[in-house]
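For reference, the structure is listed below as structure tokens.
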Amino acid sequence: MNLIENPKAKNANPLGLSGMKQHGLSLLSPGAWLGRVSFSRERFKKWLKDLKRRPLDVKALNKALSVCLVILTLYFAGNLAIGIVNTKKLPVFKFEFSGKESGDVFQEGSFLKAASYYLEKVRQRDIFQLEPKKTEGTTEAAAPAGPSGEILEATQHLKLVGISWSKDPDAMVEDSRALKTFFVKRGQMIGDVRVQAIFKDKVVLSYRGEEIELR
């Protein structure tokens with residue numbers, strides 16, 4: 007009965023399905039995609055032209071910038087507050103030493119000798135010699151005699167004031183007897199006394215084959 011009364015109903019569904027298939031194939035075809043891309047590009051160009059023609063709304067831009075500034079200020083203030091709170095929560099480490107441990111520490115420190123011991127070692131060493139200076143008790147027999155009375159008398163009025171160090175150094179020697187100051191080099195004479203050598207911290211004088219140091 008349905009076929010007699012509505013003969014078009016049988017053909018309605020096949021036509022609809024074929025039309026949907028053709029529409030779906032048109033969506034996937036390259037030509038359809040190119041057409042959509044070109045249409046979108048034209049609309050974008052038109053939007054840019056309209057945007058260029060519109061005047062710039064300075065007030066709206068200022069409001070937007072003000073809102074951004076307020077948000078950034080609140081953000082940094084919040085981070086600062088959180089950082090301050092976190093620093094207050096840092097743990098405090100306490101070190102406690104028992105009586106036994108402290109006693110061990112002082113016992114280890116007792117191995118250090120007194121400062122006078124090290125000062126005495128320094129006095130026994132001569133910085134201008136590689137070997138340590140021998141003590142008086144061990145070198146009484148082999149110790150050389152001190153400066154003679156003649157050279158002491160010849161140089162007792164001489165005093166080293168200063169040294170100008172260079173490749174050819176100068177020494178400033180004051181004569182308290184003559185009330186004069188001499189600027190001398192190696193080999194020069196101060197009266198009967200010869201300047202034998204000049205070092206950074208001393209001057210070696212010679213008198214009649216004997217030497218003495220001025221510091």
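Sequential numbering from 7 applies to the sequence shown in this note's numbering.
For glycine and all other residues, C-beta sits at the position ideal for the given N, C-alpha and C.
Beta-ladder partner(s) of residue i, from DSSP
i	result
G89	Per DSSP, none; premise fails for G89.
E219	V210
Selected residue, minimal CA-CA separation from residue i, among the options
i	options	result
M178	L211, L78 and L158	L211
R221	K165, K94, K69 and G197	K165
G152	L80, W39, E216 and G37	E216
S154	I218, A70, L54 and K65	I218
S182	E156, K69 and A160	A160
S170	S46, M195, L54 and V209	V209
P175	N92, E156, A203 and L67	A203
L185	M195, H163, K191 and S172	H163
Rounded Cβ spacing between residue i and residue j (contact assumed at less than 8 Å)
i	j	result
V199	G193	Not confirmed; about 12 Å, so no contact.
R214	E126	In fact, because the Cβ distance is near 36 Å, the residues do not count as touching under 8 Å.
Cβ shell of residue i (< 7 Å), same chain only, five flanking positions each side left out
i	result
F205	none
F189	D176 and M178
D207	R221
Beta-carbon proximity list for residue i, same chain, < 6 Å, skipping 5 on both sides
i	result
E180	K165, V167 and T187
I90	none
Chain-order list of residues whose beta-carbon lies under 8 Å from that of residue i (same chain, five-residue window excluded)
i	result
D63	none
L71	none
S116	Bear in mind that a pLDDT of 49 at S116, under 50, signals an unreliable position, so the model cannot answer this.
Open item on the list: Which complete beta strand (DSSP E) runs does the stretch 145-207 hold, if anything under 3 residues is left out?
Closed with: Residue ranges of uninterrupted beta strand (DSSP E) with 3 or more members, entirely inside the stretch 145-207 and ordered along the chain, are 164-170, 176-181, 186-190 and 199-204.
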